[in-house]
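Protein chains in written order, with the working numbering: chain Y, 1 to 260; chain H, 261 to 560.
Ideal Cβ placement from N, Cα and C applies to all residues, glycine included.
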Amino acid sequence: MGAPMGLAMAERAADRDGLKLDVLHVPLGPALPDWPAGLVLHLTLQGDVVQAVEVAVMGGQADEPSFWDEPWLRSAAGEQVTTGNAERRRAASHLDSVGRLLAVAGWESAADQARELRDEIVAGAPGSEVAPRVAKLARRTGKSRTLRWMLSDVGVVDREMADRHGLAGPSAHHLGDAFARLTGWLDEISQAAEQLHDSAPIQGTDGPRGPVESRSSARVLAMLPELLDGAELAAARLTVASLDPDLDHVAAPKAEVPGE
Amino acid sequence: MSDPTPVWAVVALPLVLAALTYSAAALDTAFRTGGGPAAPLREGVRLIAQQRRRTLAPDVLLMRIGVISLPTAALLAATVIPLGDTSVWDLPVSVVWFNAMEVVAWGSLWLAGWGVNSAFPLVGGYRFLAQGLAYELPHMFALITAGLGAGSLDFGEVAAAQDDLWFVVWMPVAFAVYLLSALGMTFWGPLGHPVADDLAGGVAAELSGPDRLLFFAGRFALLTVAAAAAVPLFLGGGAGPWLPEWAWSLIKTCAVLALLVWVRQRFPVIRMDRFMTAAWMVLIPATLLQTLVVGIVVVN
Numbered sequence: 001m002g003a004p005m006g007l008a009m010a011e012r013a014a015d016r017d018g019l020k021l022d023v024l025h026v027p028l029g030p031a032l033p034d035w036p037a038g039l040v041l042h043l044t045l046q047g048d049v050v051q052a053v054e055v056a057v058m059g060g061q062a063d064e065p066s067f068w069d070e071p072w073l074r075s076a077a078g079e080q081v082t083t084g085n086a087e088r089r090r091a092a093s094h095l096d097s098v099g100r101l102l103a104v105a106g107w108e109s110a111a112d113q114a115r116e117l118r119d120e121i122v123a124g125a126p127g128s129e130v131a132p133r134v135a136k137l138a139r140r141t142g143k144s145r146t147l148r149w150m151l152s153d154v155g156v157v158d159r160e161m162a163d164r165h166g167l168a169g170p171s172a173h174h175l176g177d178a179f180a181r182l183t184g185w186l187d188e189i190s191q192a193a194e195q196l197h198d199s200a201p202i203q204g205t206d207g208p209r210g211p212v213e214s215r216s217s218a219r220v221l222a223m224l225p226e227l228l229d230g231a232e233l234a235a236a237r238l239t240v241a242s243l244d245p246d247l248d249h250v251a252a253p254k255a256e257v258p259g260e
Numbered sequence: 261m262s263d264p265t266p267v268w269a270v271v272a273l274p275l276v277l278a279a280l281t282y283s284a285a286a287l288d289t290a291f292r293t294g295g296g297p298a299a300p301l302r303e304g305v306r307l308i309a310q311q312r313r314r315t316l317a318p319d320v321l322l323m324r325i326g327v328i329s330l331p332t333a334a335l336l337a338a339t340v341i342p343l344g345d346t347s348v349w350d351l352p353v354s355v356v357w358f359n360a361m362e363v364v365a366w367g368s369l370w371l372a373g374w375g376v377n378s379a380f381p382l383v384g385g386y387r388f389l390a391q392g393l394a395y396e397l398p399h400m401f402a403l404i405t406a407g408l409g410a411g412s413l414d415f416g417e418v419a420a421a422q423d424d425l426w427f428v429v430w431m432p433v434a435f436a437v438y439l440l441s442a443l444g445m446t447f448w449g450p451l452g453h454p455v456a457d458d459l460a461g462g463v464a465a466e467l468s469g470p471d472r473l474l475f476f477a478g479r480f481a482l483l484t485v486a487a488a489a490a491v492p493l494f495l496g497g498g499a500g501p502w503l504p505e506w507a508w509s510l511i512k513t514c515a516v517l518a519l520l521v522w523v524r525q526r527f528p529v530i531r532m533d534r535f536m537t538a539a540w541m542v543l544i545p546a547t548l549l550q551t552l553v554v555g556i557v558v559v560n
């Protein structure tokens, strides 16, 4: 074979079914709709099946700590932060994740619903107004049979895997597939929505993605190659969205940035 | 093949198709963003004026064929669909022609996905081929069931055979499968995986400017034609009280079209690696059973 227009042709390699198929090297990220900005997955694809994954993070350090962890970080630094404020941030953070997962699952109208709620909660909407709408969203998505059908068995994380990678936060509490993680978020949002006006000071540092000092999203990234190996491309995107790592947890050492 | 086609029908067809297609796009915009009726027009003008983006080493000819064939197929399919009892092309096997035209979408998506020489559109093209394998057979059985009930593959005669009882009443499975496969062939809503956002737009990811406009206008046109064909197939054609036949055809078409557009709000995208099993294990046997029941009724 020649090189049409000076471009190298795709090489072939045996795939998991023993067929010889073209191998494509396709990066996912760093910028995609509903994608953790800055995350790059260097995929080796055969057809639309992921054969290998290399995880990288684009450079550009965050000047400030994660927006979603802020109340707990302030509390850890000795400031007085009310439970209401922290739970408000937790609910918004999970709604942000839910919106992203629903958008990747191709359910734009439900994703918009989650994002509207997120914005209103961040803007300080009263709990009495927000709670019924959170319940409505949880019913609509958590009870959707189609969504369950599409998300079940996608990106299954079991106890052994979670322990081995030291996962923390929702992805460790709600073990199982992407749908389990979605309903886990929805439960936590509903609980948080009822405490929006709790004025007691917060205890502990358990933020939306686990203890804020543990950089739990870095562990999620470390788990991705194992989790995505052999996944279909759409399932890979759903898996990443259902874990929704916060890239602000990952201070990228310069050496890790490839080719820059 | 009796009367010659009236001239007004030839003139009216593209106008009616365009108006319905625009309404579908406007309704979709209203559902999704609450935009006014002028929103699709603005988007269309923007796309016409937009400079085309080019990928590296695209096969422009194949890509253009893919894009242009989509609205063309919709228009050609529309020629055989009767409005009231008048169609532009009075073909005795019009149901087969309609089916042949909608299969053009397979070629359209694959050529457009392949032609731009980019990974995501290519994967989108793969997805549509898988989707075609899932929906096309149940779709054909649904069409055949209506044809069997009427003893004809002519839309006009199928509609005329429903004077006593609409086919939707005693062929509900075929009607439901028809609507589902209409979503499939127009890669719309829950069956929109080939152009899904998780691939940054899939087949359409690299289409820009007039190409993108034609592609999406073609999709809405195909959706319109699929809705219009449901009327003579299952909903009694132009039958209805007080109003003239053409008006009833239009009203029923709009109702089906609105339903199809709305469905997008209601469901997440369905992936073929999950749906294929259901299509072959549930839909095909269900449509075959439906055909059998109709066959027995017809013979008796």
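Helix, strand or coil at residue i according to DSSP, with G and I counted as helix
{"i": "Asp22 of chain Y", "result": "strand"}
{"i": "His42 of chain Y", "result": "strand"}
{"i": "Leu275 of chain H", "result": "helix"}
{"i": "Ala255 of chain Y", "result": "Note on Ala255 of chain Y: pLDDT 39, under 50, position unreliable in the model; the coordinate value appears next. In this structure, Ala255 of chain Y counts as helix in the three-state DSSP scheme."}
{"i": "Val157 of chain Y", "result": "strand"}
{"i": "Pro211 of chain Y", "result": "strand"}
{"i": "Leu519 of chain H", "result": "helix"}
{"i": "Met261 of chain H", "result": "Bear in mind that the predicted position of Met261 of chain H carries a pLDDT of just 44, short of 50, making it unreliable; the figure below should be weighed with that in mind. In this structure, Met261 of chain H counts as coil in the three-state DSSP scheme."}
{"i": "Gly294 of chain H", "result": "coil"}
{"i": "Glu64 of chain Y", "result": "coil"}
{"i": "Gly176 of chain Y", "result": "strand"}
{"i": "Thr346 of chain H", "result": "strand"}
{"i": "Thr302 of chain Y", "result": "Limits of chain Y in this structure are 1 at one end and 260 at the other, which puts residue 302 of chain Y out of reach."}
{"i": "Glu194 of chain Y", "result": "coil"}
{"i": "Glu79 of chain Y", "result": "coil"}
{"i": "Leu28 of chain Y", "result": "strand"}
{"i": "Met1 of chain Y", "result": "Residue placement at Met1 of chain Y is flagged as unreliable, the pLDDT there being 49, under the threshold of 50; the coordinate-derived value follows with that caveat. Coil, per DSSP."}
{"i": "Glu260 of chain Y", "result": "Below a pLDDT of 50, predicted positions are generally treated as unreliable, and Glu260 of chain Y, at 36, falls in that range; no measurement from the model is reported."}
Distance CB(residue i)-CB(residue j) smaller than 8 Å
{"i": "Leu53 of chain Y", "j": "Leu247 of chain Y", "result": "For the sequence presented, residue 53 of chain Y should be read as Val rather than Leu. Not in contact: Val53 of chain Y and Leu247 of chain Y (Cβ atoms no closer than 8 Å)."}
{"i": "Ala337 of chain H", "j": "Glu362 of chain H", "result": "yes"}
{"i": "Gly407 of chain H", "j": "Val355 of chain H", "result": "yes"}
{"i": "Gly127 of chain Y", "j": "His197 of chain Y", "result": "yes"}
{"i": "Thr114 of chain Y", "j": "Leu102 of chain Y", "result": "Residue identity check: residue 114 of chain Y is Ala in the sequence provided, not Thr. Yes."}
{"i": "Arg219 of chain Y", "j": "His174 of chain Y", "result": "no"}
{"i": "Pro36 of chain Y", "j": "Asp163 of chain Y", "result": "no"}
{"i": "Ala333 of chain H", "j": "Ala365 of chain H", "result": "yes"}
{"i": "Val26 of chain Y", "j": "Leu39 of chain Y", "result": "no"}
{"i": "Leu517 of chain H", "j": "Ala487 of chain H", "result": "yes"}
{"i": "Ile328 of chain H", "j": "Phe415 of chain H", "result": "no"}
{"i": "Gly142 of chain Y", "j": "Leu73 of chain Y", "result": "no"}
{"i": "Ala465 of chain H", "j": "Phe475 of chain H", "result": "no"}
{"i": "Ala235 of chain Y", "j": "Val154 of chain Y", "result": "yes"}
{"i": "Ile189 of chain Y", "j": "His94 of chain Y", "result": "yes"}
{"i": "Ala231 of chain Y", "j": "Val81 of chain Y", "result": "no"}
{"i": "Val558 of chain H", "j": "Gly375 of chain H", "result": "no"}
{"i": "Phe358 of chain H", "j": "Tyr438 of chain H", "result": "no"}
Extent of the continuous beta strand (DSSP E) to which residue i belongs
{"i": "Val49 of chain Y", "result": "Val49 to Val57"}
{"i": "Glu466 of chain H", "result": "Per DSSP, Glu466 of chain H belongs to no beta strand (DSSP E) and is neither H nor E."}
Extent of the continuous alpha helix (DSSP H) run through residue i
{"i": "Arg387 of chain H", "result": "Ala379 to Ala410"}
{"i": "Glu11 of chain Y", "result": "Not the alpha helix (DSSP H): Glu11 of chain Y falls in the beta strand (DSSP E), residues Glu11 to Ala14."}
{"i": "Gln203 of chain Y", "result": "Looking at the DSSP string, Gln203 of chain Y is not in any alpha helix (DSSP H), and its letter there is neither H nor E."}
{"i": "Pro501 of chain H", "result": "No alpha helix (DSSP H) contains Pro501 of chain H, which DSSP labels as neither H nor E."}
{"i": "Leu543 of chain H", "result": "Note, Leu543 of chain H: premise wrong, no alpha helix (DSSP H); not H, not E."}
Residue-level contact to chain C via CB, residue i, 8 Å cutoff
{"i": "Ala105 of chain Y", "result": "Of the protein chains in the structure, Y and H, none is chain C."}
Check distances from the C-beta atoms of the region 223 to 243 of chain Y to those of chain H and list, in chain order, the residues that come in under 7 Å.
Here the close residues are Glu232, Leu233, Ala234 and Arg237.
At least three beta-carbon pairs within less than 8 Å, the region 133 to 151 of chain Y to the region 529 to 542 of chain H
The region 133 to 151 of chain Y is in contact with the region 529 to 542 of chain H.
At least three beta-carbon pairs within less than 8 Å, the region 444 to 456 of chain H to the region 477 to 491 of chain H:
yes
Short of 8 Å Cβ to Cβ, which residues in the region 129 to 156 of chain Y face chain H?
Ser144, Thr146, Leu147, Trp149 and Met150
Any C-beta of chain Y within less than 7 Å: which residues of the region 507 to 536 of chain H qualify?
Gln525, Phe527, Pro528, Val529, Ile530, Arg531, Asp533 and Arg534
If we count Cβ pairs, one from each stretch, closer than 8 Å, do we get three or more for the region 264 to 272 of chain H versus the region 200 to 216 of chain Y?
no
Quick one: which residues of the region 375 to 395 of chain H get their C-beta closer than 7 Å to a C-beta of chain Y? List them in chain order.
Ala379, Val383 and Tyr386
Compile a chain-ordered list of the residues in the region 444 to 472 of chain H whose CB is closer than 8 Å to at least one CB of chain Y.
Pro450, Gly452, His453, Ala456, Asp457, Asp458, Leu459 and Ala460
Is it true that the region 291 to 307 of chain H meets the region 344 to 358 of chain H, where meeting means three or more beta-carbon pairs spaced less than 8 Å apart?
no
Does the pairing of the region 379 to 392 of chain H with the region 541 to 557 of chain H give three or more beta-carbon distances under 8 Å?
no
Can you find at least 3 beta carbon pairs, one from the region 415 to 426 of chain H and one from the region 494 to 506 of chain H, that sit closer than 8 Å?
yes
Listed from N- to C-terminal order along the chain, which residues in the region 195 to 221 of chain Y have their beta-carbon within a distance smaller than 9 Å of any beta-carbon of chain H?
none
Examine the Cβ distances between the region 447 to 461 of chain H and the region 387 to 398 of chain H and report whether three or more of them are shorter than 8 Å.
A contact exists between the region 447 to 461 of chain H and the region 387 to 398 of chain H.
Contacting positions in the region 88 to 115 of chain Y - beta carbon closer than 9 Å to chain H:
Leu102, Ala103, Val104, Ala105, Gly106, Trp107, Glu108, Ser109, Ala110 and Asp112
Any C-beta of chain Y within less than 8 Å: which residues of the region 281 to 307 of chain H qualify?
Only Phe291 and Arg292 from the region 281 to 307 of chain H bring a Cβ to less than 8 Å from some Cβ of chain Y.
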